[in-house]
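Chemist:
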Amino acid sequence: MAQFQVGEDLFATVVIVGLTTLLIIALAHSYHNFAERKNMYESFDLALDVAGQLRNDVLAKYDNGVFPGLINPMTSEWELQSYCQLLSRQGIGLSIEVRGTDGKIFLAYGPEPNAINQYFSPQCSVSLPVAISQTQASKSLGELIVTVWR
Amino acid sequence: MKDKRGFMPFSLAGFFLLMLVLAMVAYTTWSRHQLATNTIEDVTCESLLTTAAGVQSDLQHIARYATYRALWEVCENADNYDNDDSRENMIECLAAKYFMDYAVAMQQAYKQVDARVELEFQNPPSFESSPSSDLFLDQPKTHENLSSFYLHQAENGYALMEVRLQKQTRIRVSSWDNRIKLALPCENFNVFIDCRYFLLQERMDKFIRQFDDIRSSWKWAEYAVAWGEALAGRLELSESCSKTLFNLAWANHELKTFGSADYPAVAMRLAGLDMGALAGLISGAAIRVKPFCVNDVQVMIRYVDGGIQDLDGIRAELMDVNKCVEYAINEAQENSSLENVQLKLGSAIGSVDRILEKVQEVQQQFQQLLDYIASKRGSDILMLRLYNGLTSSDKNYPPPARRISVGIEGVESKLLELKGQIETFAQLIQSSNGLENLGNSISQLYNHVVASVHDLLAEPMPKYTESYEEYPDPSTYALENDPSPTPRNARIYIMEPNDGTIGTLDATLKDVKTSLERMEDVATDVELEQGGLVGAEIDGELTQALLGGLDMQSEQHAEFDREQLYELLPPKPIRPQPGISVFDELDIGDVRYKRVDPCGRLCGASAPPTPIPLWFIDVTLYWAQWEVTLELENKPIERIFDFPNQTIPRSPLDGDEFGLAKIHKALGYRYELPRKSFSFTLVIISPQYFNIDAND
Amino acid sequence: MDKRGQGYAIDMLVFALMVALACSILIKASPNESNALNDRYAANLATSVLQTFQNVTAGEVGGFKYKPDILGLLVPWSSGERDLRYKTLAQLLVEDMLCNLRVEVGGRDIVPLKPNQEFDRQVRKFLKATLDEIIGGRFDYSLVARTNPIDFSPAARVHFETSIESFRDNGRLQACSETVRMCLPITQQELLSNIQDIYPITNSRLEPETLVEITLSLWSK
Numbered sequence: 100m101a102q103f104q105v106g107e108d109l110f111a112t113v114v115i116v117g118l119t120t121l122l123i124i125a126l127a128h129s130y131h132n133f134a135e136r137k138n139m140y141e142s143f144d145l146a147l148d149v150a151g152q153l154r155n156d157v158l159a160k161y162d163n164g165v166f167p168g169l170i171n172p173m174t175s176e177w178e179l180q181s182y183c184q185l186l187s188r189q190g191i192g193l194s195i196e197v198r199g200t201d202g203k204i205f206l207a208y209g210p211e212p213n214a215i216n217q218y219f220s221p222q223c224s225v226s227l228p229v230a231i232s233q234t235q236a237s238k239s240l241g242e243l244i245v246t247v248w249r
Numbered sequence: 064m065k066d067k068r069g070f071m072p073f074s075l076a077g078f079f080l081l082m083l084v085l086a087m088v089a090y091t092t093w094s095r096h097q098l099a100t101n102t103i104e105d106v107t108c109e110s111l112l113t114t115a116a117g118v119q120s121d122l123q124h125i126a127r128y129a130t131y132r133a134l135w136e137v138c139e140n141a142d143n144y145d146n147d148d149s150r151e152n153m154i155e156c157l158a159a160k161y162f163m164d165y166a167v168a169m170q171q172a173y174k175q176v177d178a179r180v181e182l183e184f185q186n187p188p189s190f191e192s193s194p195s196s197d198l199f200l201d202q203p204k205t206h207e208n209l210s211s212f213y214l215h216q217a218e219n220g221y222a223l224m225e226v227r228l229q230k231q232t233r234i235r236v237s238s239w240d241n242r243i244k245l246a247l248p249c250e251n252f253n254v255f256i257d258c259r260y261f262l263l264q265e266r267m268d269k270f271i272r273q274f275d276d277i278r279s280s281w282k283w284a285e286y287a288v289a290w291g292e293a294l295a296g297r298l299e300l301s302e303s304c305s306k307t308l309f310n311l312a313w314a315n316h317e318l319k320t321f322g323s324a325d326y327p328a329v330a331m332r333l334a335g336l337d338m339g340a341l342a343g344l345i346s347g348a349a350i351r352v353k354p355f356c357v358n359d360v361q362v363m364i365r366y367v368d369g370g371i372q373d374l375d376g377i378r379a380e381l382m383d384v385n386k387c388v389e390y391a392i393n394e395a396q397e398n399s400s401l402e403n404v405q406l407k408l409g410s411a412i413g414s415v416d417r418i419l420e421k422v423q424e425v426q427q428q429f430q431q432l433l434d435y436i437a438s439k440r441g442s443d444i445l446m447l448r449l450y451n452g453l454t455s456s457d458k459n460y461p462p463p464a465r466r467i468s469v470g471i472e473g474v475e476s477k478l479l480e481l482k483g484q485i486e487t488f489a490q491l492i493q494s495s496n497g498l499e500n501l502g503n504s505i506s507q508l509y510n511h512v513v514a515s516v517h518d519l520l521a522e523p524m525p526k527y528t529e530s531y532e533e534y535p536d537p538s539t540y541a542l543e544n545d546p547s548p549t550p551r552n553a554r555i556y557i558m559e560p561n562d563g564t565i566g567t568l569d570a571t572l573k574d575v576k577t578s579l580e581r582m583e584d585v586a587t588d589v590e591l592e593q594g595g596l597v598g599a600e601i602d603g604e605l606t607q608a609l610l611g612g613l614d615m616q617s618e619q620h621a622e623f624d625r626e627q628l629y630e631l632l633p634p635k636p637i638r639p640q641p642g643i644s645v646f647d648e649l650d651i652g653d654v655r656y657k658r659v660d661p662c663g664r665l666c667g668a669s670a671p672p673t674p675i676p677l678w679f680i681d682v683t684l685y686w687a688q689w690e691v692t693l694e695l696e697n698k699p700i701e702r703i704f705d706f707p708n709q710t711i712p713r714s715p716l717d718g719d720e721f722g723l724a725k726i727h728k729a730l731g732y733r734y735e736l737p738r739k740s741f742s743f744t745l746v747i748i749s750p751q752y753f754n755i756d757a758n759d
Numbered sequence: 045m046d047k048r049g050q051g052y053a054i055d056m057l058v059f060a061l062m063v064a065l066a067c068s069i070l071i072k073a074s075p076n077e078s079n080a081l082n083d084r085y086a087a088n089l090a091t092s093v094l095q096t097f098q099n100v101t102a103g104e105v106g107g108f109k110y111k112p113d114i115l116g117l118l119v120p121w122s123s124g125e126r127d128l129r130y131k132t133l134a135q136l137l138v139e140d141m142l143c144n145l146r147v148e149v150g151g152r153d154i155v156p157l158k159p160n161q162e163f164d165r166q167v168r169k170f171l172k173a174t175l176d177e178i179i180g181g182r183f184d185y186s187l188v189a190r191t192n193p194i195d196f197s198p199a200a201r202v203h204f205e206t207s208i209e210s211f212r213d214n215g216r217l218q219a220c221s222e223t224v225r226m227c228l229p230i231t232q233q234e235l236l237s238n239i240q241d242i243y244p245i246t247n248s249r250l251e252p253e254t255l256v257e258i259t260l261s262l263w264s265k
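Residue numbers (the working numbering), protein chains in the order written: chain A, 100 to 249; chain B, 64 to 759; chain C, 45 to 265.
1. Should B/Tyr685 go down as buried or exposed, given a rule of 16 or more other Cβ atoms within 10 Å for buried?
2. Where does B/Pro203 fall in DSSP's three states?
3. So, is the C-beta of A/Ala101 closer than 8 Å to a C-beta in chain B?
4. Just to confirm the assignment, what range does the alpha helix (DSSP H) spanning B/Gln171 have?
5. Pull out every residue of the stretch 49-66 of chain C whose Cβ sits closer than 7 Å to any Cβ of chain B, in chain order.
6. Going along chain A, which residues have a C-beta under 8 Å from C/Thr96?
7. Going along the chain, which residues of its own chain have a beta-carbon closer than 6 Å to the beta-carbon of A/Ala207, five neighbours each way excluded?
8. Assuming contact is defined by CB atoms lying nearer than 8 Å, are B/Val659 and B/Ser742 in contact in what I supplied?
9. For A/Val149 versus C/Thr96, is the C-beta distance shorter than 8 Å?
10. Taking the straight line between their C-alpha atoms, what separation do you get for B/His215 and B/Asn251?
11. For a contact meaning CB atoms closer than 9 Å, what does A/Arg198 contact in chain C?
12. Excluding the 5 residues preceding and the 5 following B/Gln640 in the sequence, name in chain order all residues of the same chain whose CB lies nearer than 8 Å to its CB.
13. Based on DSSP bridge pairs, tell me the residues matched to B/Val226.
14. Can you name the residues of chain B whose CB is closer than 7 Å to the CB of C/Glu222?
15. For A/Asn171 and chain B, any beta-carbon pair shorter than 8 Å?
16. Tell me the rounded alpha-carbon separation between A/Ser226 and B/Ser120.
17. Can you tell me the Cα-Cα spacing of B/Ser195 and B/Phe274, whole angstroms?
18. Mind checking B/Ile643: buried by the 16 CB within 10 Å criterion, or exposed?
19. Please tell me whether B/Asp562 has its Cβ less than 8 Å away from any Cβ of chain C.
20. Only counting the same chain, and skipping five residues up and downstream in sequence, which positions put a Cβ closer than 7 Å to that of C/Ser123?
21. Using a Cβ cut-off of 9 Å, pull out every chain C residue sitting near B/Ser74, in sequence order please.
22. A/His131: buried (16+ other C-beta within 10 angstroms of its C-beta) or exposed?
23. Residues of chain B with CB closer than 7 Å to the CB of A/Thr119, please, in chain order.
24. Which ranges does the beta strand (DSSP E) cover as unbroken runs of at least 3 residues, wholly within the stretch 426-451 of chain B, from first to last along the chain?
25. What three-state label does DSSP hand B/Phe190 in the structure shown?
26. State yes or no: is the beta carbon of A/Gly164 nearer than 8 Å to at least one beta carbon in chain C?
27. Within 10 Å of its beta-carbon, does C/Ser186 have 16 or more other beta-carbons around it, so buried, or fewer, so exposed?
28. Under three-state DSSP, which class holds A/Leu206?
29. Less than 8 Å separating the beta-carbons of B/Lys725 and C/Leu142?
30. Between which residues of its own chain and B/Arg332 is the CB-CB distance below 7 Å, once the five residues before and five after are set aside?
31. Going straight from the alpha carbon of B/Val49 to that of A/Gly117, what length do you get?
Take a look at the structure:
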C-alpha cells in the first residue's frame, strides 16, 4: 500500500487529465456534429417554409384571387422583390426558379450562386412539383426550385 | 514529507463531466422535441391549406359540371331562343342554378364528413323543404343571390365561365383542436370549358343566315340538268332527281359552313335506304354467337406461355439467391474479407430485385391476356363468357385472374421479406466492421433464406377441390349413344395471398393453358368443318343458356336511333378544321312542278314548250317554265357536334338502359329550322325544240 | 498513509465510474437520423402533388385518350376515340368514378350494366405514369380514390374505390398521408333514378355524401 500512492503520482495525474480531456473532446465533437446537423435541418426547414409560401401565396396571385398550387409565371417583379426584401431583413437570401418538365424556365429570380459566399453560408435547395398556368385552357407541370441561405 | 494533494478530488471532476454530458443530452433531446413539434405544426398548417385549396378547386370543379349541364340543355333546343344573347343568358342562369344545387350538397356533405371545413357565404340562401314522393330535399328560395355566372368566349371558340360568388365568401378550415384556423377567400374564379360552344353557335348562325344558299344551289343544279336535257332534246323532270339534287345542295351548304356534312345519311339517301335501318344495321347491340378463331386462341396461349416462362426464369434466379447467400455465409465463417461477403450479399439482393421485376411481368402477361379478350368480346357471347370465367366467380373460390393477382401479392411479400432479411444482415456486417461475433446471425440468415426459397419453390398443394363432370368429345362416339360423364376434380391452389408461391402460380397458369389448348383443338376442328356449317343457326334456347349469368341480356340491349348513335359516335368531319360533325334530319315530302308557260297552262304538264317565233330573224325559240316546289314532311333538324372535344360525361342513352354508367359525349348544338318549303322558277328557253316528260 | 491510499483508490474508482456513465449516456443518446424533416418534406411533396393533380391538365403530361368499350358498337365513320386533354388529373379520376360506380346489394357487387372499364384502365395507367414522373425515385407512393359509400337502403349502397401504387406495402413506416376531397358531379335525383333501374329502392332517405376522397400516401425508399 505504501507504494500505492495516487494523486501525488505525476503519471496517474497525467492519465486522469488525459482521460478527462478526451472525454471533453468527445463531448465537444458530439455537440459540434449535433449543431451542424441542426443547422442543416433548420436550413432545410426554412427552405421548405419559403417554398410553401411561394407556392401557396406569393407566386399564386392572380387578378381574381389567390389559387394555392397554381403558379402564375407573370407574377410581377414587385411582388417577388418585396418578398425577398422581407426575407433579407431577417438575414435570409433567396433564389427562385420555376421550370417546366422540358427544362424551359418560366420564372427566375435571385442572385447567381457565388462560390465564396457559399463557403461561408452554405445554401440549401428544395424542389417541389407545381402546376404552371400557361393559358386559360392548359396548365402544365413544372418544378419550383427554391434556394435559401443565411 | 509534506503531503501534496490536488485541489479537487477526481470524483468531483467526474461529477462535473457527468453533469456536462447530461446537460448536453437534455439540450439535444429538447431540441429534437422542438423540431418534431414544429414539424407537426407545419405539417398541420400545410394540411389545412391543402384542404382549403381542395375545396376551392372543388368549387371550380362543380362550376364546370354545372356549366356542362347548362350548355347541354340549352344546346339541345337552341332554336327556342331568339338570339345569341338570350341563349347565353339562359346558360348563365341554368349554370348558376345547378351550381347552387351542387354547392348546397357539397356544404352538407362536408358538414357530415369533415367538420373542420366550412363554406361561408355572406347571405346564405334560406331553405324550405318540399316533400317529393318519398324523398326530402332542401330547395333554396333564391339561387341567384349566391353566385353570378358570366359566359365569355375563350380562344378558338371555347367557352370561359367567370364565376362571381358573393363578397366575403370564405372557405374556413380549422385544425381538430381549433388552435389553427385558416380562412381562404374565394370570391371570383374562371373556369375553362372544354367545349367549343361559341364556334358551334357561330357556325350554326352562319348556316341559318345563308340558308337560302341551299335553295340557290339546288336551283342552279336543276337548271344545269334541265338545260342540258333540253338542249339534248328531251327534258324529264323527275322527283327522285330533284330530291337527290336537293340533298346534295344541302350537303354542300353543310360542307361550306361546317367543314363537313352528314355523309352517312347522304350515302343512305342516295342509295335509297331507309334511315331507320342505319342504327339497326350498325348497332352491335345484336348478340353474336361466333366460334373461337384459332389465331385468337393461339395469341391467348402465347400470353400464358410468357408467364410460365417467366416463372421458370424466377426458379433459376431463386437458386442463385440461395447460392449467393450460402457463399457469403461460407466466406463469413472462414473469416474472409468483408468486401467479398458484402459483394455476395449484394448479388443476392440484386437477384431478388430481378425476381420481383419478373413477378410483375407475370402479372402483366396475364393482364395482357385479359385485355386481349376484352378487346375481342364486343357482343360475342363466347368471348364474354371466357372473360367472365377468368374474372368473376360465384363459387367458393376466386376466379383465375384473382388467384393470379393474389398469388403474386403473396410471392412479392415473401420476396420483400427475404430481401429485408439479407439487407439487415448486410447492414449488420457494415456496422460491426467485422465478421466476428456474427455466428448466430449468420446461421439465422442461412436458415431463413433456405426456408424462404424452399417455401417459394415447394410443390403446389391444392387448397380446395371441386368436383365436376366431364363429357367426352362428341366426335368420339355415335350420336345414338349417350355416354355417361366422367367425374373429375378441379384443384384450386391459391385462395389467399399466403398461398402464393412459384409452384402454385405455375400450376394455376398451366390449368388456364390446358383449358385454352382444348379450346384451340375445338376451334381447329370447327374451322376445318366451316364449309359444312354454312347456314347453321344457334337456336334461342342455346342462346339463352349461353347468355345466362352474363351482364348482357338480349331483352335489355339498347336500341339507338340515328341521332343517339351520332351522339355516341359522331362521324369524323370531312375537313379537320374546324372539326365539326354534322347530323341532319331531312324528310323530303314531295316535289311539285307547276307549268306556268301558256302551253303548259292550257294543255297540261306534258304539253310541248311554248313557241316564240322571232320572225325578224326567222328563228323560233321554245319556252317552258315551271314553279318547282319541294316540301319537307317535318321541320328539318340540323345538329352539329364538337368532334375533337367529346368531354361531357353523360349517360349513353338519355333514358334508362345503362344504369349508372356514363360515357363522354360531344356537345351537340341542335337547331330545328323553321322553313319547310323551297321553291324556285325554272325557265328553259331553247332555240331547239325539246320534248317534255312530266308526271302530272 | 494506507487510508489515504484507499481514499485515493476510491476517488479513482468513482471518477472512472462517472466517466463510464457519462460515456454510456453519450453513446446511447447519440442523435439518430431524425425522420422529422424527411416526413416534413414528404408531407410538402404530397401536398404539392395533390395540388398539381387539381390543376395540371392531361394534355400537358402527354395527353389522354381512350376508346369506350361500353357500347359494343362498331361504325365505319368513327373510331369513337375520346381526347380529354383539357381535363385536370383530378377531374379524370373523379370522372372515372362517375363512369364506373358500383352497386352493392346485400354485400354482393352487382356489376352495373356496361361500365366504362376501358376508361378506368386508361386512367389508372395514365395516372401511374404521371405519378412515377412527379414523385419519381424520391418516395414510394399509393394513391387511393374512393367514394364514401352512399347508402340507399339497408341493403343497397353505391361505392367506388381504386388505387394506384408503386409497390406493395411490406410493413415500412409510412412517411405521410394527405387527403383532398371532391364532389361527385351527379345530383342525388339522377343517382337515385339510375339505381332504380338496377335495384328497386322505395322509401329511401338519401344521405348527401357524394364526396370523393383522394388520398396520397408516401413511403421512404
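Glycine included, each C-beta is placed from N, C-alpha and C at the ideal position.
Modeler: According to the structure data:
1. buried
2. Summary for B/Pro203: the model assigns pLDDT 40, below 50, so the residue's position carries little reliability; its value from the coordinates is reported in the next sentence. Note: B/Pro203 maps to strand in three-state DSSP.
3. Low per-residue confidence applies at A/Ala101: pLDDT is 47, beneath 50, and the placement is therefore not dependable, though the value from the model is reported in the following sentence. Answer no: the Cβ-Cβ gap between A/Ala101 and chain B never drops below 8 Å.
4. 147-176
5. Asp55, Met56, Val58, Phe59, Met62, Val63, Leu65, Ala66
6. In chain order: Gly168, Pro228, Val229, Ala230, Leu240.
7. Cβ-Cβ distances below 6 Å link A/Ala207 to Glu196 in the same chain, with the five nearest sequence neighbours on each side left out; the list follows chain order.
8. No, the Cβ-Cβ distance between B/Val659 and B/Ser742 is not below 8 Å.
9. no
10. Approximately 14 Å, taken between the alpha carbons.
11. Within 9 Å Cβ-Cβ: nothing; A/Arg198 doesn't reach chain C, min ~14 Å.
12. Gly322
13. B/Phe212, B/Phe252
14. Ser110, Thr113
15. no
16. CA-to-CA, the gap between A/Ser226 and B/Ser120 works out to about 23 Å.
17. At B/Ser195 the pLDDT is 32, less than 50, meaning the model places this residue with poor confidence; the figure from the coordinates comes in the next sentence. When rounded, the distance between both Cα atoms is 46 Å.
18. buried
19. Contacts with chain C at 8 Å (Cβ-Cβ) do not include B/Asp562.
20. Lys111
21. Ile54, Asp55, Met56, Leu57, Val58, Phe59, Leu61, Met62
22. exposed
23. Ala76, Leu80
24. none
25. Because B/Phe190 sits at a pLDDT of 37, beneath the cut-off of 50, its placement in the model cannot be relied upon, and the point is left open.
26. no
27. buried
28. strand
29. yes
30. Asn310
31. Outside the displayed span of chain B (64 to 759) sits residue 49 of chain B, for which this structure offers no information.
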